[in-house]
Amino acid sequence: MGSTTSLNRLPHRANSLLLTSILGLSSALVAASPLVPEDIAYKPEGAVPLSKHTDDTVVVGTADLPGNPASAPQAQESSATPTYLRQNRCPDHSRNYNNLHKSLVITRFTRRNPQSANAGNLYAVEAGMPTLIREHLTQSRSMVGPEVLAQGFALPHLSEALLKQQAQKIARQARTQFVLSGTIDDMAMTAPNSTYNPSLYRQVANGFHDLTGIEKFDPRTRVFTLDLELRDGFTGEPLMSRRYTTSGVWNTRRTAGFDSSAFFETPYGQKVAELSEAISADITQTLDCQPFIANIDAYPGQTQIVLQGGANNGLQAGATMQLYQVIVVGSSSEYQVSETRLVKRPTRLHLSEVYPSHSTAVIEDGSYLNGHYLAVIE
1 MGSTTSLNRL PHRANSLLLT SILGLSSALV AASPLVPEDI AYKPEGAVPL
51 SKHTDDTVVV GTADLPGNPA SAPQAQESSA TPTYLRQNRC PDHSRNYNNL
101 HKSLVITRFT RRNPQSANAG NLYAVEAGMP TLIREHLTQS RSMVGPEVLA
151 QGFALPHLSE ALLKQQAQKI ARQARTQFVL SGTIDDMAMT APNSTYNPSL
201 YRQVANGFHD LTGIEKFDPR TRVFTLDLEL RDGFTGEPLM SRRYTTSGVW
251 NTRRTAGFDS SAFFETPYGQ KVAELSEAIS ADITQTLDCQ PFIANIDAYP
301 GQTQIVLQGG ANNGLQAGAT MQLYQVIVVG SSSEYQVSET RLVKRPTRLH
351 LSEVYPSHST AVIEDGSYLN GHYLAVIE
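Set out below in structure tokens:
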């Protein structure tokens, strides 16, 4: 009986082993199938570029590490990613920021060829031309009345790094946002003898031109060439660099002087005055496309700060301004050369009190500022 019972139990054990094998094989097949369908599964499309340019804004990103499937998609960038302040906000003049008055300082112009101002004793052009431009800019009411400095800007043969540093120094001392400098390249006459030593025929011809006002074929032409440069006072970067040229008849032998009524009565003086008006229009158009930036005077441990800008600039109490930090980065290829960048921070300022030349503001999150910061209305 014992042997018969043992033989009958063998089929049951075989069935159990067979069932266990089938279940194990099914589990392996199920585990091998994907848990997420391929049409909705995230597939990295390669490394995210280290930097991307959108218009004039540089957005610094991060790259996916190899073999890291848990990295975020490219479209979901970190909110802490810094952005740099764009300088020109309306290159196509589709939008402007002329509702606020920016501050500008004009340096004394320099001359490459001083002898060209001998005719008419026009040596005061170095200070007279900046004054003309200043008068037109004041009439445009797009900025606070510009200040004209007695000092000149660096000569153009200096390196760009030194030019930036000098622009920053001048703007910091004058507490302005922009710096305008210029170099008078030429004020020469094409035919000086036609005015100062004319022949008998030329005297008659000069009288005809003066009587009729016809300047065509009049050899008493005098040129005026000016190289102008407008720079940002915080970074030193050039915003506008242009050469302006005009010409007119110089028909007087008197020592008129640049800033006299006798000078502006000449056709040459009238052309120079028209040129100064055109220059002012170009400067106004350029500055209208720049964001308003005010320097911040902050002290450690205080959430209330003072801005170098107020009602004269068009600021109003209750306005909100964006906070930017001034970062100075040294050059990796040049000795003692640095670059200034304005980096946006995720903090805003609220103007609490506004005075003519300055304002007080409160930091939005109650944090403290450590370093050099600027307040920007974008």
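Residue numbers (the UniProt record's numbering): 1 to 378. Where a beta carbon is used, it is the ideal one built from N, C-alpha and C, also for glycine. Small disclaimer: the values here were computed from a predicted structure and weren't measured.
Whole-angstrom distance between residue j and residue i, CA atom to CA atom
{"i": "ILE377", "j": "ASN313", "result": "12 Å"}
{"i": "ASP210", "j": "THR221", "result": "13 Å"}
{"i": "VAL223", "j": "VAL354", "result": "48 Å"}
{"i": "MET187", "j": "ALA119", "result": "9 Å"}
{"i": "ARG108", "j": "LEU323", "result": "33 Å"}
{"i": "residue 399", "j": "GLU135", "result": "The question about residue 399 has no answer, for the chain in this structure spans 1 to 378."}
{"i": "THR57", "j": "THR110", "result": "Since pLDDT at THR57 reaches only 32, below the 50 mark, its modelled position is unreliable, and no value is offered."}
{"i": "PRO198", "j": "ILE283", "result": "41 Å"}
{"i": "SER51", "j": "LEU342", "result": "Because SER51 carries a pLDDT of 33, less than 50, the predicted location of this residue cannot be relied on, and the following value inherits that uncertainty. SER51 and LEU342: Cα-Cα distance of roughly 17 Å."}
{"i": "PRO192", "j": "ILE214", "result": "19 Å"}
{"i": "GLU286", "j": "GLY236", "result": "First, the residue type needs correcting, since residue 286 is Thr and not Glu in the sequence shown. Rounded to whole angstroms, THR286 to GLY236 spans 16 Å at the Cα level."}
{"i": "GLY145", "j": "GLY207", "result": "43 Å"}
{"i": "ALA174", "j": "LEU315", "result": "20 Å"}
{"i": "GLY371", "j": "HIS350", "result": "19 Å"}
{"i": "ILE106", "j": "ASN99", "result": "22 Å"}
{"i": "GLN336", "j": "VAL329", "result": "11 Å"}
{"i": "SER79", "j": "ARG345", "result": "Below a pLDDT of 50, predicted positions are generally treated as unreliable, and SER79, at 42, falls in that range; the measurement from the model is reported next regardless. Going from the Cα of SER79 to the Cα of ARG345 covers about 11 Å."}
{"i": "SER181", "j": "GLY233", "result": "12 Å"}
{"i": "THR212", "j": "TYR196", "result": "20 Å"}
{"i": "ARG112", "j": "ASP288", "result": "31 Å"}
Expected contact under 8 Å - CB spacing of residue i and residue j to nearest Å
{"i": "SER280", "j": "ILE133", "result": "5 Å"}
{"i": "LEU226", "j": "MET240", "result": "Rounded, the Cβ-Cβ distance is 13 Å, inconsistent with contact."}
Neighbourhood of residue i by C-beta, 7 Å cutoff - its chain only, sequence neighbours within 5 removed
{"i": "GLY366", "result": "THR303"}
{"i": "PHE258", "result": "LEU122, ALA124, VAL125, GLY128"}
{"i": "TYR268", "result": "ARG222, GLY248, VAL249, TRP250"}
{"i": "LEU275", "result": "PHE224, TYR244, THR246"}
Close Cβ partners of residue i (< 6 Å) along its chain, the five nearest in sequence each way excluded
{"i": "ALA256", "result": "GLY120, ALA262, PHE263"}
{"i": "ALA161", "result": "VAL337"}
Below-7 Å beta-carbon distance, residue i vs any chain B residue
{"i": "LEU149", "result": "Of the chains in the structure shown, none is chain B; there is only one protein chain."}
Those residues which DSSP pairs with residue i across a bridge
{"i": "LEU180", "result": "ILE106, LEU230"}
{"i": "LYS344", "result": "TYR324"}
{"i": "ASN295", "result": "LEU374"}
{"i": "HIS350", "result": "THR320, VAL362"}
{"i": "PRO238", "result": "ARG231"}
{"i": "PHE224", "result": "THR246"}
Chain-order list of residues whose beta-carbon lies under 8 Å from that of residue i (same chain, five-residue window excluded)
{"i": "SER3", "result": "The pLDDT assigned to SER3 is 44, lower than 50, so where the model puts this residue is not dependable; a value taken from the coordinates is nonetheless given after this. Excluding residues within five positions, none has a Cβ falling inside 8 Å."}
Decide if the region 104 to 117 is in contact with the region 176 to 186; the criterion is three or more beta carbon pairs, one per stretch, under 8 Å apart.
Counting C-beta pairs closer than 8 Å gives three or more between the region 104 to 117 and the region 176 to 186, which meets the contact rule.
Measuring CB atoms only, is the region 344 to 360 touching the region 296 to 311, in the sense that at least three cross pairs come out at less than 8 Å?
Taking a cut-off of 8 Å on C-beta distances, the region 344 to 360 touches the region 296 to 311, as three or more cross pairs fall below it.
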